[in-house]
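Take a look at the structure below.
There are 2 protein chains.
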Amino acid sequence: MDRLPSAKIRDSLEQRIVEGELGNGKRLDETELSSFYGVSRTPVREALQRLAESGLADHLPRRGTFVRSPSLSQLVEMFEVMAELECMAIRLAARRATANDIDALEKDNETCRAAVAANDTKKYYEVNARLHGRIYQMSGNSFLAIEARRLHDRLRPFRRLQLRVRGRMEESMAEHDIILAALRDGDADLAMETMKKHITIVGVRFNDLVSSFNQIMGDE
Amino acid sequence: MDRLPSAKIRDSLEQRIVEGELGNGKRLDETELSSFYGVSRTPVREALQRLAESGLADHLPRRGTFVRSPSLSQLVEMFEVMAELECMAIRLAARRATANDIDALEKDNETCRAAVAANDTKKYYEVNARLHGRIYQMSGNSFLAIEARRLHDRLRPFRRLQLRVRGRMEESMAEHDIILAALRDGDADLAMETMKKHITIVGVRFNDLVSSFNQIMGDE
DNA sequence: TACAACGAAATTGTATACCAAAACTTGGAG
DNA sequence: CTCCAAGTTTTGGTATACAATTTCGTTGTA
Chain A
1 MDRLPSAKIR DSLEQRIVEG ELGNGKRLDE TELSSFYGVS RTPVREALQR
51 LAESGLADHL PRRGTFVRSP SLSQLVEMFE VMAELECMAI RLAARRATAN
101 DIDALEKDNE TCRAAVAAND TKKYYEVNAR LHGRIYQMSG NSFLAIEARR
151 LHDRLRPFRR LQLRVRGRME ESMAEHDIIL AALRDGDADL AMETMKKHIT
201 IVGVRFNDLV SSFNQIMGDE
Chain B
1001 MDRLPSAKIR DSLEQRIVEG ELGNGKRLDE TELSSFYGVS RTPVREALQR
1051 LAESGLADHL PRRGTFVRSP SLSQLVEMFE VMAELECMAI RLAARRATAN
1101 DIDALEKDNE TCRAAVAAND TKKYYEVNAR LHGRIYQMSG NSFLAIEARR
1151 LHDRLRPFRR LQLRVRGRME ESMAEHDIIL AALRDGDADL AMETMKKHIT
1201 IVGVRFNDLV SSFNQIMGDE
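Heads up: the sequence lines are chains A and B, in that order.
First residue of the first sequence? That's 1 in our numbering, and the numbers climb one at a time after it.
First residue of the second sequence? That's 1001 in our numbering, and the numbers climb one at a time after it.
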């Protein structure tokens, strides 16, 4: 699998954006990026076009391309949609999951729990993402899986908002437990209900959210 | 609003794809397109990158860019997700709709009904799209509105599948009526339930679907 | 100081020419 | 007919040039 430089650049930029290295309206200078990646402007421009198309950047004609960090209200909207997609995935997964699938989830969940105990947030995020990705796959709807993963990735830098709230990490683990148990029982309704609560940030007090948000975004 | 040539080409290609002019794995030749649009290869290549990113085309390294027509199973998956998004939109809209909003919907619905009576399918599709778009807006979640519209557009050439089935058009109108009435009553549950039925193609018999699909796609 | 106008510098968008690498085509040879 | 090799085509990318704008800095003025 020999990917093209332009595709690699696109992915690298995506990663650097969602990891926060390039944040908050940062200008993506074509010549600067071409020297950074050691290529000419052409592949860089193509990468930027694709970033803009996928919504991670904003392209203003003859002005430049800028990292698009969603506003707080857009962020809430995105989480609202994410909750719906996760809900849908778990509902389908509850119908289609095999014992093997659920075992794999349990395993991830235990790894997650260990990460919480060890206070290893990096590990937690990583395994958590894998767990949710597994659920998307288990839904049996590959289009849903792709879209959910895309949105999940895009929300990654903001997901920690959910965990800033005191005790949220333990609560989150408890929700995972309930969801997995519901999956084993084939109780789609309980799984959905818990998942919606699990994802949504509506329950987070608005002030907490705004302050965390400003911390992440650099406040200005 | 002076758009760039590359953006215009991208949109033109998108339109030509969803309208069916460029269908089913059609190769998008860079030099051919550049002479067609009277520009050099550069802006064409950028337009193709964006098309591929948005999922309307497939980009195979060093082989070319091809119109991506979803397989039948992918199509079912996409409609499944579409139903979920529409459901979500109508649920939110039921909470937030003003009398004015609903009046506008009623007006579109009447225009729709007239189009059905006159057997004017083109008009029907157009107004139907406007009506659904209005519901997305009414959800108050602009991110949902954008995503729903994007998927709606991508499914446009296949939406007629739903209407191929005998009597589906009248049934569809009846569903619109129920949804609007439910909106007026603030009955989100009824609106959602009807909307889900309205969008989903699961109810369509599989054979009907396959044969219609093959007709559209050129069968081969 | 504040500010408006003007011009220089920088950046984007496209054109053009060119080339390497990979894929496709074609024309036998067996 | 199948297989293989040479030639052709197409893509991905470099380098360069240049028009269209935007941005920035400076100057002149109130």
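Even for Gly, the Cβ is constructed at its ideal location relative to N, Cα and C.
Since the structure is predicted, the reported quantities are computational estimates derived from the model, not experimental observations.
According to DSSP, is residue i part of a helix, a strand, or is it coil?
i, result
"B:Thr1200", "coil"
"A:Val67", "strand"
"A:Leu155", "helix"
"A:Arg160", "helix"
"B:Ala1117", "helix"
"B:Ala1188", "helix"
"B:Ala1057", "strand"
"B:Arg1027", "strand"
"B:Ala1097", "coil"
"B:Arg1062", "coil"
"B:Leu1075", "helix"
"A:Leu183", "helix"
"B:Asn1109", "helix"
"A:Val39", "coil"
"A:Ser172", "helix"
"B:Glu1021", "coil"
"A:Asn128", "helix"
"A:Asp219", "The pLDDT assigned to A:Asp219 is 42, lower than 50, so where the model puts this residue is not dependable, and the model offers no usable value."
"A:Val4", "In the sequence as displayed, the identity of residue 4 of chain A is Leu instead of Val. It is coil, neither helix nor strand."
"B:Gly1133", "helix"
"B:Ser1034", "helix"
"A:Ser12", "helix"
"A:Ser139", "coil"
Using a beta-carbon distance below 8 Å, is residue i in contact with chain A?
i, result
"B:Glu1126", "no"
"B:Met1078", "yes"
"B:Glu1220", "In this prediction, B:Glu1220 has a pLDDT of 40, which is less than 50 and means its spatial position is unreliable; what the coordinates show is noted afterwards. Chain A, which has no Cβ nearer than 8 Å to the Cβ of B:Glu1220, makes this no."
By the criterion of Cβ-Cβ separation under 7 Å, what are the contact partners of residue i in chain A?
i, result
"B:Arg1050", "Gln49, Arg50, Glu53"
"B:Glu1147", "Val81"
Can you check which of these residues, the options, is closest to residue i by C-alpha distance?
i, options, result
"B:Leu1075", "B:Ile1179, B:Arg1154, B:Asp1029", "B:Arg1154"
"A:Ala118", "A:Met169, A:Pro43, A:Arg27", "A:Met169"
"B:Thr1200", "B:Cys1087, B:Glu1019, B:Ala1104, B:Ala1129", "B:Cys1087"
"B:Leu1072", "A:Glu175, A:Asn141, A:Glu193, A:His176", "A:Asn141"
"A:Gly198", "A:Asp185, A:Arg160, A:Gly186, A:Lys122", "A small fix is needed here, since residue 198 of chain A is His in this sequence, not Gly. For the residues A:Asp185, A:Arg160, A:Gly186, A:Lys122, the minimum Cα distance to A:His198 belongs to A:Arg160."
"B:Asp1103", "B:Leu1180, B:Pro1005, B:Arg1010, B:Asn1024", "B:Leu1180"
"B:Leu1028", "B:Leu1085, B:Lys1008, B:Gly1133, B:Arg1068", "B:Arg1068"
"B:Asp1101", "B:Pro1070, B:Gly1023, B:Leu1022, B:Gln1137", "B:Gln1137"
"B:Arg1016", "B:Lys1123, B:Arg1156, B:Gln1049, B:Thr1194", "B:Arg1156"
"B:Leu1048", "B:Phe1158, B:Asp1011, B:Ile1090", "B:Asp1011"
"A:Arg3", "B:Arg1149, B:Leu1060, B:Val1116, B:His1176", "B:Leu1060"
"A:Leu151", "A:Lys122, A:Lys8, A:Leu56", "A:Leu56"
"B:Lys1008", "B:Val1044, B:Leu1022, B:Val1018, B:Asn1024", "B:Val1044"
"A:Glu30", "A:Arg149, A:His132, A:Leu13, A:Pro70", "A:Leu13"
"A:Asp58", "A:Ser172, A:Asp185, A:Ile90, A:Gly25", "A:Gly25"
"A:Arg184", "A:Ile90, A:Val18, A:Leu33, A:Glu32", "A:Ile90"
"B:Pro1005", "B:Leu1033, B:Phe1158, B:Val1018, B:Glu1147", "B:Leu1033"
"A:Val18", "A:Ser54, A:Glu46, A:Asp108", "A:Ser54"
"B:Arg1134", "B:Glu1147, B:Val1116, B:Thr1042, B:Asp1108", "B:Asp1108"
"A:Ala148", "A:Met173, A:Ala188, A:Glu126, A:Glu84", "A:Glu84"
Check the Cβ of residue i against every Cβ in chain B and list those closer than 9 Å, keeping chain order.
i, result
"A:Val39", "The contacting residues do not exist; A:Val39 stays about 15 Å from chain B at best."
"A:Pro61", "Asp1002, Arg1003, Leu1004, Ala1007"
"A:Met88", "Glu1080, Val1081, Glu1084"
Any beta-carbon of chain B closer than 8 Å to the one on residue i?
i, result
"A:Ser142", "yes"
"A:Gln74", "yes"
"A:Ala93", "no"
"A:Asp58", "no"
Residue i touches chain B at which residues, Cβ-Cβ below 7 Å?
i, result
"A:Arg45", "Glu1046"
Stretch-stretch touch, CB-based, cutoff 8 Å, three pairs: the segment 80 to 88 of chain A with the segment 1033 to 1049 of chain B: No contact exists between the segment 80 to 88 of chain A and the segment 1033 to 1049 of chain B.
Stretch pair the segment 1106 to 1125 of chain B + the segment 1052 to 1066 of chain B: three plus CB contacts closer than 8 Å: Contact between the segment 1106 to 1125 of chain B and the segment 1052 to 1066 of chain B is absent, because fewer than three Cβ pairs lie under 8 Å.
Touching by the beta-carbon criterion (3+ pairs, under 8 Å), the segment 93 to 107 of chain A and the segment 1093 to 1103 of chain B: Under the three-pair Cβ rule at 8 Å, the segment 93 to 107 of chain A does not count as touching the segment 1093 to 1103 of chain B.
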